[in-house]
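Keeping their order, the protein sequence lines are chains A and B.
My numbering applies: residue 64 is where the first sequence begins, and numbers increase by one.
My numbering applies: residue 54 is where the second sequence begins, and numbers increase by one.
In this text, a Cβ means the ideal position worked out from N, Cα and C, and glycines have one as well.
A quick note: this is a predicted structure, and the numbers were derived from the prediction, not measured.
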Amino acid sequence: METVIGLTAIAVAILIGLGALGVGIGMGLLGGRFLEGAARQPELAPMLQTKMFLVVALLDAVAMIGVGIALYFAFANPFIGQLQNAL
Amino acid sequence: MASEGAHGGPQSSGDYIQHHLQNLQVCKADGEWVWNHCAGNPMTINVDSMFFSIVLGLVFVWMFGSVARRSSVGKPGKLQAFVEIIIDFIDTSVKDTFHGKSRLIAPLALTIFVWVFFMNLMDLIPVDWLPKVGALLGVPYLKVVPTTDVNITFGMSIAVFFLIIFYTVKNKGFGGFIAELTLHPIAPPTKGAGLIAAPFIIAFNFVLESVSLLAKPLSLSLRLFGNMFAGELIFILIAILGIWQLPLHFAWAVFHVLIVTLQAFIFMMLTVVYLSLASEEH
């Protein structure tokens, strides 16, 4: 039982951490390109900003799905129920 | 816990969290309607999500309808100006993105955007207020944000999925729909020695394209659900902190307003983009 709980905790940490890592790098690249583009052509900045937010929300999606699953495992761990049924 | 304990005696923080993550459910067990003992029963209805989503939909229809009926050209009131801003924004977005001909897309986009926005906005109401009112009325569990319920988000995205298939078939024919699934992205050879490989290429195309087609409604719904569920859970976790919750609540709420609007906008834009791809003439 302790093994299951301990490994679940590590799994939750990996899910959230790796998601955040990937999204952080991606958003950093995206923001940098946006700033470069806006500096080159300031009149396009509002249009670029809209498109940037579109891509931000798409990037968020997979990270958030990971966070949702991780929080589900943190607070309503199905493995514990399975273990208790098996014992 | 520092300052809670209002739901009947001292309870642990784990119980508080579980209590706030539980929907008000009704299901049929052994032929009888039972409330809240529905774990594992697939024929369960989450009454609180249904109630809030229907009420918010009616609020949207009533608000926009009353503005439309009483609109004045010379002296618009503040509500009318606000509604006009939203409609103009949706109109511009749809015109820029949708490259087909359809009278359904703009009203659909408006409905999706405003309805999802209202449902997400319920997340900004402090965590305990509506459940406490509910407890006074004898309602044991109340989750007030419908979009934190997977059923609501999947319901909307499955409807969008059916619309995508309908628009594909309407604009390209049923043969065109099958062709799109089997002849992209690798065009199978149609003459000569390569004909042997054609069935394998078609099968490969079919696997790729069907995964891509199924990923659309799945990602639409899980994106909205994941963002809203994580936001609500963080509000609940901050509420456990006692007196320190106020500055943290404020900071997170300010950030969450951005996420609420952004997720509603993304759901709408992706719906329009998918329907535009489905209606594209080659």
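- Close CB contacts of F259(B) within its chain, under the 8 angstroms cut and outside five residues either way in sequence, are with L234, T235 (chain order).
- Restricting attention to L163(B), I139(B), L328(B), D202(B), the CA atom closest to the CA of V100(B) is found in D202(B).
- When CB distances to chain B are screened at a threshold of 7 angstroms, the residues of the stretch 127–143 of chain A falling below it are M127, I128, V130, G131, L134, F138, in chain order.
- Between N89(B) and P193(B), the gap from beta carbon to beta carbon is short of 8 angstroms.
- At a cut-off of 8 angstroms between beta carbons, M209(B) makes no contact with chain A.
- Closest by C-alpha distance to D83(B), out of H73(B), N94(B), L74(B), L174(B), is N94(B).
- R276(B) reaches chain A at A120, L121, D123, A124, V125, M127, I128, counting residues in chain order whose Cβ is nearer than 9 angstroms.
- A contact between stretches requires three or more CB pairs, one per stretch, nearer than 8 angstroms, and the stretch 313–325 of chain B meets this requirement with the stretch 142–160 of chain B.
- One alpha carbon belongs to L330(B), the other to T71(A), and they sit about 41 angstroms apart.
- In the structure shown, the three-state DSSP call for T97(B) is strand.
- One alpha carbon belongs to L286(B), the other to E65(A), and they sit about 25 angstroms apart.
- Every alpha helix (DSSP H) stretch that sits fully inside the stretch 81–125 of chain B and reaches 4 residues is listed by chain position as 100–122.
- Close CB contacts of S332(B) within its chain, under the 6 angstroms cut and outside five residues either way in sequence, are with G153, Y220, N224 (chain order).
- In the assembly as shown, D149(B) is an exposed residue. Its beta-carbon has fewer than 16 other beta-carbons within 10 Å.
- Between the alpha carbons of P242(B) and F253(B) lies a gap of roughly 11 angstroms.
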